Each structure stands twice: as structure tokens, then as C-alpha cells.
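Taking the numbering used here, the leading residue of the sequence shown gets 42, the next gets one more, and so forth. Every residue gets a Cβ at the ideal spot worked out from N, C-alpha and C, and that includes glycine. Bear in mind the structure is a predicted one, so any value in this text is a computation, not a measurement. The structure appears below as C-alpha cells.
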Amino acid sequence: MASLSSLVNKWRADASIGGNITSWMTIPAQPGRYKKLPQEIHPEITKALKRLGIVRLYSHQIESWELVKEGHNIVVVTGTASGKTLCYNLPVLNELLRNPESKALYLFPTKALAHDQLALLQNLTHQICADNHNFPGNQVISPATYDGDTPSGSRLRIREKARLILSNPDMLHVSILPHHTRWENFFRGLNFVILDEIHIYRGVFGSHVANIIRRLRRISEFYGGSLRFILTSATIGNPTNL
């Protein structure tokens with residue numbers, strides 16, 4: 042298999058490719074900045090991370106953890122494959138384990154992204170709940186997707202039992218918010234809302250999603266909830282303005 046540098050050199054030498062590229066830039070590698078796992082993380086999460094080979098966290102993951110712990114809504118913008126997912130999974134799963142009534146809603150712009158994240162979550166929650174006898178039944182976390190592909194026979198179970206749901210803004214708009222009375226149990230415990238790939242939400246689509254989130258907040262308040270938001274992106278350029 043050719044190395045990345047040899048592939049780039051091949052592109053440079055190929056006039057049909059190199060001629061279409063206006064700029065070449067090499068960004069020097071930088072060593073990662075790490076910190077120890079926070080002691081406040083639920084011990085089952087710590088054990089699960091160690092089973093997965095994670096014994097320390099990046100500095101931005103720790104910073105996210107601290108800000109969420111203090112009750113802030115946060116925007117996480119960091120490069121692709123730099124661990125954004127743990128920035129929200131750690132505080133969310135910690136809350137779900139420590140408070141059996143808590144719920145979380147993850148929103149992705151596409152069903153494909155939601156299903157990708159479901160696989161990662163299932164792996165992590167499987168490790169967390171490897172010793173199920175440590176948890177009462179309502180503490181076991183079973184993440185589930187709720188979208189247009191969800192079988193009708195599974196929807197009632199997800200509404201009544203799921204504590205961590207992965208969906209998308211359109212499904213929230215069409216199938217959840219208009220029928221919020223069926224979701225009362227979920228909304229009463231809803232603590233966290235995660236919006237991934239927020240750079241997608243711009244223009245008319247962004248305005249549409251903003252109104253959906255306003256409705257979500259209003260319904261959450263109706264059921265006595267208090268939401269915290271974690272937004273993530275790899276490419277947005279102005280996170281402090283959000």
C-alpha cells in the first residue's frame with residue numbers, strides 16, 4: 042500500500058490532477074495534550090474506557106467535561122478523528138448512570154450518521170454494562186435510533202423504555218414533538234440534547250432546525266425539564282458566535 046506522501050507526490054506529478062489544485066500546504070504534526078481521567082466519572086465508565094484501551098483523555102475532552110459539569114451549554118469544534126464523540130458521551134453516560142430517571146437525545150443531520158454513532162455507543166455501553174448485576178433494570182442503558190426506518194413494532198418500546206435516543210431534526214419535527222403526550226416519560230427525564238455536525242444547519246434548513254429546537258425547549262419546560270445542549274462540528278469557523 043502506498044504511503045500518503047507518495048500518493049501526494051503522484052498527484053503533484055500528474056498534470057491532470059496537480060493543475061487543478063491551487064495550493065499545497067503541509068501542516069506540521071503536533072503532539073497530543075493529554076490529561077488523566079476525571080475521578081468524578083462513574084467507575085463503570087472508567088473501567089469500560091480502560092477495557093477499550095483509553096486510559097487518558099485529550100485536553101479538549103477534559104475541558105468539555107468540566108464545562109458540562111458546571112452546567113454550561115457548550116460548542117465543541119475540533120478536527121476530524123480527534124475525539125469529539127467522547128466530549129458528549131462521557132457527561133451524558135455519567136448522568137444516565139448516576140440518575141436512573143435521566144434521558145438524552147442525540148440529533149444527527151442524517152440517518153447514516155446516527156447509525157454510525159449507534160454502533161459506537163453500543164460498544165461503549167456494552168462495556169459499561171458488562172456486569173449487569175451492578176445495575177437496577179432501569180439503569181441499564183440501551184441506546185436506540187428512532188427514525189423513518191424504525192419498525193413500527195419497536196417504536197412503542199423505544200418511547201417507553203429507551204433512555205438514550207438517536208434521531209434527526211426532521212423526525213423530531215414530524216413524529217416526536219407533535220405527539221409529545223406519548224413521550225411524556227421521556228421528556229420529563231430529558232437532560233441532554235446533542236447536536237452533531239452543526240455546520241450543516243445553515244440557511245433555510247438551519248432556520249427550520251432552530252425553530253424545531255425552540256419547540257423542543259418549550260415542550261421540555263412544559264414537562265418540567267431543564268435541557269443542556271452540546272453542539273459539535275469539525276469544520277465550523279465561528280463557534281464563539283453561536
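Opening and closing residue of the beta strand (DSSP E) in which residue i lies
| i | result |
| --- | --- |
| R97 | R97 to Y99 |
Burial state of residue i (16 or more Cβ within 10 Å)
| i | result |
| --- | --- |
| D237 | buried |
| W65 | exposed |
| F246 | exposed |
| Q80 | exposed |
| P150 | buried |
| A185 | buried |
| P210 | buried |
| E111 | exposed |
| Q158 | buried |
| L20 | For the chain, the structure presents residues 42 to 283; residue 20 sits outside this window and is missing. |
| L137 | buried |
| S248 | exposed |
| I103 | buried |
Short Cβ contact (9 Å threshold) for residue i with residue j
| i | j | result |
| --- | --- | --- |
| V234 | L127 | no |
| H156 | L197 | no |
| I253 | H220 | no |
| A275 | L165 | no |
| Q168 | L257 | no |
| L231 | L134 | no |
| L268 | L205 | no |
| L98 | G124 | yes |
| F228 | F263 | yes |
| L272 | I239 | yes |
| S348 | V96 | This structure gives no information on residue 348, because the portion of the chain shown stretches from 42 to 283. |
| G189 | K152 | yes |
| Y187 | S143 | no |
Residue range of the unbroken alpha helix (DSSP H) whose run includes residue i
| i | result |
| --- | --- |
| V234 | V234 -> not in any alpha helix (DSSP H); beta strand (DSSP E) instead, spanning L231 to L236. |
| S85 | Note that residue 85 corresponds to Glu in the displayed sequence, not to Ser. E85 -> alpha helix (DSSP H) spans P84 to R92. |
| N50 | L45 to A54 |
| L162 | K152 to I169 |
Residue nearest to residue i in terms of C-alpha spacing, selected from the options
| i | options | result |
| --- | --- | --- |
| I62 | N50, G73 and T87 | N50 |
| L78 | F263, L131, E111 and G194 | L131 |
| Y129 | P192, I115 and L268 | I115 |
| Y75 | G189, I260 and H101 | H101 |
| T139 | S105, V96, R53 and I86 | Sequence inspection shows Arg at residue 139; the Thr mentioned does not correspond to that position. Of the candidates S105, V96, R53 and I86, the one whose C-alpha sits nearest the C-alpha of R139 is I86. |
| I182 | D188, T191 and K202 | K202 |
| A171 | R223, K91 and R200 | K91 |
Residues bridged to residue i [DSSP beta-bridge criterion]
| i | result |
| --- | --- |
| F228 | In DSSP, F228 forms no bridge with anything. |
| Y147 | L207 and I235 |
| L272 | V116 and L236 |
| K125 | Answer by DSSP bridge pairing: none, since K125 is not bridged. |
| T186 | L207 |
| K76 | L98 |
Proximity test, residue i beta-carbon vs the ligand FAD heavy atom, cut-off 8 Å
| i | result |
| --- | --- |
| D237 | Inclusion of the ligand FAD in the displayed structure is not the case, the ligand content being empty and no account of it being possible. |
CB contact below 9 Å: residue i versus chain C
| i | result |
| --- | --- |
| V109 | The question asks about chain C, but that chain is absent: this structure has only one protein chain. |
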